[in-house]
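So the structure is just underneath, and the comments pick up after that.
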Amino acid sequence: MNRVQALWKSSVGKKAVMAVSGLLLVAYLVTHVLANLLVFQGPEKINLYSRLLHGTGGALWVARLALLAAVVVHIVAAVQLTRRSQVARPVGYAGGRRPQVSTLASRSIRWGGVLILVFIVYHVLHFTVGIVHTSFVEGDPYHNVVAGFANLLVVAFYELALVAVGLHLYHGLWSSGRSLGVSQPSPRPLRRQLAVALSLIVWAGFTVIPLAVYAGVIR
Amino acid sequence: MELRSKVPAGPIELKWDKHRFEMKLVNPANKRKFTVIVVGSGLAGGAAAATLSELGYRVKCFCFQDSPRRAHSIAAQGGINAAKNYRNDGDSVYRLFYDTVKGGDFRAREGNVYRLAQISVEIIDQCVAQGVPFAREYGGLLANRSFGGAQVSRTFYARGQTGQQLLLGAYQALEKEVARGGVTMYSRTEMLDVVVIDGRARGIVVRDLVTGKIESHAADAVVLGTGGYGNVFYLSTNAKGSNATAIWRAHKRGAAFANPCYTQIHPTCIPVSGEYQSKLTLMSESLRNDGRVWVPAAAGDERAPDQIPESERDYYLERRYPSFGNLAPRDIASRAAKAVCDEGRGVGPTRLGVYLDFADAIQRVGASTIRERYGNLFEMYGRITDEDPYRVPMRIFPAVHYTMGGLWVDYNLMSTIPGLHVIGEANFSDHGANRLGASALMQGLADGYFVLPSTIGDYLASEKPAPVDTTHPEFRLTEGEVADRTRKLLAIKGKRTVDSFHRELGRIMWEQCGMARTATGLEQAIVQIPSLREEFWRNVNVPGSDAELNQAVEKAGRVADFLELGELMCRDALHREESCGGHFREEYQTADGEARRDDDRFAYVAAWAYTGDHAAPRLCKEPLDFEYVHLAQRSYK
Amino acid sequence: MNVTLQVWRQAGPSAPGGMVRYEANDISPDASFLEMLDVVNERLMAAGEVPIAFDHDCREGICGSCSLMINGVAHGPNKGTATCQLHMRSFADGREISVEPWRSRAFPILRDLVVSREAFDRIIAAGGYISAPTGSAIDGNATLIAKDEVDTAMDAAQCIGCGACVAACPNGSASLFTAAKITHLGLLPQGQPERGLRARRMVEQMDIEGFGGCTLYGECQEACPKLISIDTITRMNRDYLRAAVAPVRAVVSESD
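Chains as they are written, first to last, in our numbering: chain A, 1 to 219; chain B, 1001 to 1637; chain C, 2001 to 2256.
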C-alpha cells in the first residue's frame, strides 16, 4: 500500500484531507464574501469584478475545478467517516447519551453539510447557470442579485443555509487546525476565538445581502 | 520439610554478583524451548513476563482482570525507594539495606535485603528508560522525597500515582512482547490450581472467567506474582478482586507459607463510614511529610477541630517519637492511632479516626505548593468524604494494606515446590515483619525485572525439566478437582451471600488478628473461623452456573480460600509469642507500650506446611542470622 | 435515600438484552455508586435472582475497571470522577437512574454491564511503548527532562484505560485513549526514536479495531476521569501526519 493510500485509509489521514479541502473552501468563501459586498457600491463595481473574473478565461475554470475537487473529496471523506462512526456503535444507548460539552455546531456538522450541499447546487443554478432564476441576465450579477432576492422564500432558504454555513465554519475552522496537528496546546482547548471571528464575518457578510435586497436597501 | 535458603556465602556486597556468576545459564538458542507460566501481571508478574520474553523464553501470562494493566500495583501512590544518593544526604546501598532490615524488625534475610537495595538503583534507570514520568526538578534531574520511616530522601515518585506509572511501564513492555509473539496473554483467566508432577510444578489449571471453561496449561516452570492476601480482612486497601487463591492452592500442593501473620496496617486511610463499605481507601503516606497527626488531649472532646485550641491538642506522634515525629514507621503510627482511639480520644462520627492536619504546612509553604504535592489525594479525599482538606483536617485511621507474609521462597525466589517461583507481595521475602514505605514497588520490580529472570535460568539449566503436556493424567485429575469444587459451591444453594461470610471473617480477623493480638483472642478466632467455614460450605448462596461469566462463583472460590488462610494467620500469630513489626501481641510489650521482640526464641521465619484439611499445619523454621545489622530494639524516639 | 434504577441486563455476549427496573431503597448517601449496586445485588441474591454483573476492582479511581454509563453520561455526573468514586450524594433522592454498559463495536458486551476492552491492549501492543529491554538502561539522571515536559507527559500518562472516552464520543472514537499514550511517550526524550512509527502503528490499530474517527466534539475530554485534554489528539494527529509524509528509508537487507 503506498503512502497516499495509507493516509487516505486512516481516520486521521482522512480528517487531514477534510481539513485541507475545508480550508481551501474557506479561503474561497472569504474572497467570495468580500466580492459580494461590492454589491453595496452599486452595479458598476460588482459587474466589473464579474467581467474581470470571466476575462481570465482558463484560470476561472481551473479555480472552479479545484473547488469542485475540494468539495468532492471533502464530501467523500465525510461520508466515509460518518459511515465509520455509525459502524463503530451499532447498538446505541437505550437511555440515550447526553451531550455534555459538544457544540450545536459540531453536532450539526453532518446534516448541516448536507444542507450546504443542497444549497450549493441551488446557488450555482441560481446565480451562475441561472436556470432556476426568473430573470437571469448573463454578465449582470447586480441585476441577478436584486431580482433573485425579491422572493421571500428564496431569501429564507438562503438565510437558513447561511446559518448552516456559519456553524459549519465555526466548528470546521477550529477543528481543522487540530486535525492537522498545528493548534497550540491550550488550558481550555474548547475555546476558539479565531473560528468565532472568521465564521461570524463570513456569515454576516453573506447574510446581509439578501436581507438588504429584500428590505429595499439595495435596489 | 527442610528449608534451605540458598543464600550464597561470602561478603554481603558480593553475594549477588557471585551468585549470578555461579548460576548456570540457558543457551540462548535453548531458551525458546522453555515455556514459563507467569500468573499475575502486576509489577512483579508483568515485569517478569516481559523480561523473560525479552530473554527468549516462551511466556504465558495470566490475570483475572480484563487487562494486565489493571493489576492492583496500579493503586500504589507514594513512591519507590532507590539508593541513588542523588541528594548527597548520606544514602547508600548499605543504608537502604540497613533501614530495611531494621524497619522489618529483624525478621528478614540479610542476603535478600542487601540484593534488593543493590538492585533498587537499576530499577529507577530501567523505569526512566521505559518512559515512566518520574517527578523532576526544574533543572531536569529526578526529584526525591523522604518517606515514612526514612531519614534520607530516596523516594522517587510520579505525583501520587507512582504505582500506576511503574505498572504502565511494565504493562507496555509486556504488550510489546505480546506483539512480538514472546508472551501469550490470558486476561479474565483465573488460576485455580497448580499441577505438580514428579514433585515439580509443571503447570496450572485455570478458569476462563467469561465462558467458565476449566483449562490446563503446561510449562517448564511456574511463577506466581499474584499479590497479597490483605482481603482476608474484607475491608482493606486492596482491590476487590485481590485474592489469595493462587498462593493458597500452591500451599495446599506443597508450598510452605511463611509468616502469614505479618500484615501491615497502614496508618493513613480514610475511616470507615458505614456497613455498606466495600473497601478502604489509602491516603498516601507521603501526606505525613507535611501533615501533622493529632487528637484532642481530652477524651470525649466533641468540638470541631478548629474550635480546639493548640494547647488542648495532642500531637501524639511528635510527642512520643520526637526524632521521627509524624514520619514514624507504619506499624508504630498505626498502633499509636489505635491507642488514642482506645482512650476515647478518636475523632469523627465513629470515633475511629485521628486528624491529619495541613494547616501549618499551608501556612508555611502556601496552599498552591500543597496542591502541587498532594492535589490529587486531596481531591480523592474530598470526593469520598465530602470535606475539603484544605480547610478541615483530614480524618484518617489505620487499615489493612499489605501482607509481608507469603509463600516461602529461597534466595532464588523458588518455593518449596521445585519449579514454582513466587515473586512480589505473594512471597514472604525482604520485608520481614514490617514493610517500609515505598519498598513494595521496589521489591516487586526487583523480583520481576532482575532477580527471577536470572534465577529461573539456573533452575531450567540445571533441572532440564522433561517435556510434559496437558494430556498428562495429573492435569486431568487436577482439572476434575477444580471443576468439582466449583460445582459443589453452586450446589449448596444456601441462605447467606458470599459477601456476608466474607464480612464476618473480616470482622473476626480485624478484631483478633489485627493491630493488636492476644492469645485469648487468637484462640477464640481459631475456633470461630472453622465454624464459619463449616457454615459457608453448608449455607452459602452462589447463584447462576459455572458455564458463564459468574462473579458470585469467582468470589465464592476466593472467600473459601480466605476462610482457610485466616485460620493459618491466627495460628501463626498465636505461636509467635513476641511482638515484632506488624505483629503486635499485647502480652509482649515494653513498659511504654512498644513492641518487645524475643530474638532468642523467634528470630526465625515461620514456614507452615499443609498437612491436610483436617490436620493442624506443621511449623518449619528457617533461622535468621544477623551478621551485618546487629539485633537491637528498634527505636524511633 | 431511595432511587429507581434502569439497568441493562444481558445474559451473555450474544443473548438479547434490555433495561430492567430495580428499586434501590434505604441507600446511604455516603455509599459509592458501586456500593449501592452491591446492596442491590445482595438483595437480588437474597430474592433468588441473578446479581447484576459489572466490572470493578480497585474502587479508588485508578485501575480503570469500572465502566458505567449513568443517565447517559460516562462515569456519571461528576467531572473528573470514575464511577467507583461517584457517591450517591450526587443524586437527588427519589431519582430514576439509567445504568448501561459502554457501547462500542470494539467493546463487545460480555454480560450485563461488563464489556471487553481488549482492543485497548492491542492498540498499546501496536506501539504504545518504548523499546527498552530490561538491563539496557543508562542512569536515570543521564538525560535531563524539563519539568514542564515531564509534567505534561504525566498529564497524559494518567490515562486509566477505562474507555469512557469511547463511550462518550458520538463517533465511538478511541482517539483520546490512543493520543494520551502517544503524547505521554512522544514528549519524553526516551520516546523520540520510535515516535513516528508509534503514532502510525497505533492509529492504524485504532482503525482496525473499528473505533470511529474524531470530530473533535470534546465529549471525551469531559468524560475522562483523569481530565486528559484533547490537546493530546492534536499531538497525535501531528505525529501521525508527520510520520505519514516523512521520507521512507530504503530497506536494505542485512545480508547485503
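Glycine included, C-beta positions come from ideal geometry on N, C-alpha and C.
Are any of the Cβ atoms in chain C nearer than 8 Å to that of isoleucine 109(A)?
yes
At the level of alpha carbons, what is the spacing between histidine 123(A) and isoleucine 116(A)?
If you draw a straight line from the Cα of histidine 123(A) to the Cα of isoleucine 116(A), it comes to about 10 Å.
Cα separation between lysine 15(A) and valine 1347(B)?
Looking at the two C-alpha atoms, the distance is approximately 58 Å.
Whose C-beta lies closer than 7 Å to the C-beta of histidine 126(A) among residues of the same chain, with five residues either side of it excluded?
Val132, His133, Gly148
Just the Cα atoms here: how many angstroms apart are isoleucine 2130(C) and aspartate 2026(C)?
In this model, isoleucine 2130(C) and aspartate 2026(C) are separated by some 50 Å (Cα to Cα).
Consider the Cβ of isoleucine 2062(C): report whether some Cβ of chain B lies at a distance smaller than 8 Å.
For isoleucine 2062(C), the answer is yes, since a Cβ of chain B falls inside 8 Å of its Cβ.
Using 8 Å as the threshold, is the C-beta distance between alanine 1150(B) and alanine 1143(B) below it?
no
Under 7 Å, CB to CB, which of the residues in the segment 2197-2213 of chain C have a partner in chain A?
Listed by position along the chain: Val2203, Glu2204, Asp2207, Gly2210, Phe2211, Gly2212, Gly2213.
Can you pull the DSSP bridge partners for arginine 2009(C)?
Gly2018(C)
Mark serine 2255(C) as exposed unless 16 or more other C-beta atoms lie within 10 angstroms of its C-beta, in which case mark it buried.
At serine 2255(C) the pLDDT is 49, less than 50, meaning the model places this residue with poor confidence and gives no usable figure here.
Which of the three DSSP states is assigned to aspartate 2256(C) in this structure?
Confidence at aspartate 2256(C) is low in this model, with a pLDDT of 44, below 50, so the placement of that residue should be treated as unreliable; the coordinate-derived value is given next. Coil.
Opposing strand residues paired with glutamine 1589(B) [DSSP bridges]
Ala1595(B)
My output table needs one value for cysteine 1961(C): the three-state DSSP class, helix, strand or coil.
An answer regarding residue 1961(C) cannot be provided, because it is not within the stretch 2001 to 2256 covered by chain C.
Find out if the Cβ-Cβ distance for the pair glycine 1163(B), isoleucine 1423(B) is shorter than 8 Å.
no
Buried/exposed call for methionine 1394(B), threshold 16 Cβ in 10 Å:
buried
Applying the criterion that 16 or more other CB atoms from any shown protein chain within 10 Å of the CB defines a buried residue, is serine 2229(C) buried or exposed?
buried
Would you mind telling me which residues of chain B sit closer than 8 Å to glutamine 2190(C), beta carbon to beta carbon, in chain order?
Within chain B, the residues near glutamine 2190(C) are Val1128, Ala1129, Gln1130, Gly1131.
How is leucine 1356(B) classed by DSSP in three states: helix, strand or coil?
strand
Let me know the secondary structure DSSP gives glutamine 1264(B) once reduced to three states.
strand
Using the Cβ count rule (16 or more neighbours within 10 Å means buried), how would you classify valine 1195(B)?
buried
Given that aspartate 2231(C) touches chain A, what residues does it touch there, using C-beta distances under 7 Å?
Pro185, Ser186, Pro189
Strictly under 8 Å for the Cβ-Cβ distance: is alanine 2074(C) near chain B by that measure?
Closer than 8 Å: no.
Give every residue of the same chain whose Cβ lies closer than 6 Å to the Cβ of tyrosine 1588(B), excluding the five residues on either side of it in the sequence, and list them in chain order.
Same-chain partners within the cutoff: Glu1578, Ser1579, Arg1596.
Between the segment 2135-2148 of chain C and chain B, which residues of the former have CB atoms less than 8 Å from a CB of the latter, in chain order?
Gly2135, Ser2136, Ala2137, Ile2138, Asp2139, Gly2140, Asn2141, Thr2143, Leu2144, Ile2145, Ala2146, Lys2147
Can you confirm whether glutamate 2100(C), when its beta carbon is compared against all beta carbons of chain B, has any partner nearer than 8 Å?
By the rule that beta-carbons nearer than 8 Å mark a contact, glutamate 2100(C) does not touch chain B.
With a cut-off of 8 Å on the beta carbons, I'd call aspartate 1388(B) and glycine 1291(B) a contact; round off their distance for me.
Not a contact, Cβ separation roughly 15 Å.
Run down chain C in chain order and give the residues with a C-beta less than 8 Å from the C-beta of alanine 88(A).
Ser2104, Arg2105, Ala2106, Asn2171, Gly2172, Ser2173, Gly2210, Phe2211, Gly2212
Does any residue of chain A bring its CB to less than 8 Å from the CB of glycine 2218(C)?
yes
Beta-bridge partners of proline 1296(B), as assigned by DSSP
DSSP lists Arg1313(B) as partners of proline 1296(B).
Which partner residues does glutamate 1622(B) have in the DSSP bridge list?
Paired residues: Val1605(B).
List the residues of chain C that tyrosine 1234(B) touches, going by C-beta distances under 7 Å, in chain order.
In chain order: nothing, as chain C lies at least about 12 Å away.
Please work out which residues of its chain come closer than 7 Å, Cβ to Cβ, to alanine 1568(B), disregarding the five sequence neighbours upstream and downstream, and give them in chain order.
The sequence as given places leucine at residue 1568(B); alanine does not occur at that position. The residues are Phe1257, Pro1260, Trp1608, Pro1617.
For the beta strand (DSSP E) containing leucine 68(A), name the first residue and the last one.
Per DSSP, leucine 68(A) belongs to no beta strand (DSSP E); it is in the alpha helix (DSSP H), 58-88.
In its own chain, which residues sit with a C-beta less than 7 Å from the C-beta of lysine 1252(B), not counting the 5 before and 5 after it?
Tyr1610
Inter-residue Cα distance where the pair is glutamate 1285(B) and methionine 1023(B):
Cα to Cα, the separation comes out at about 39 Å.
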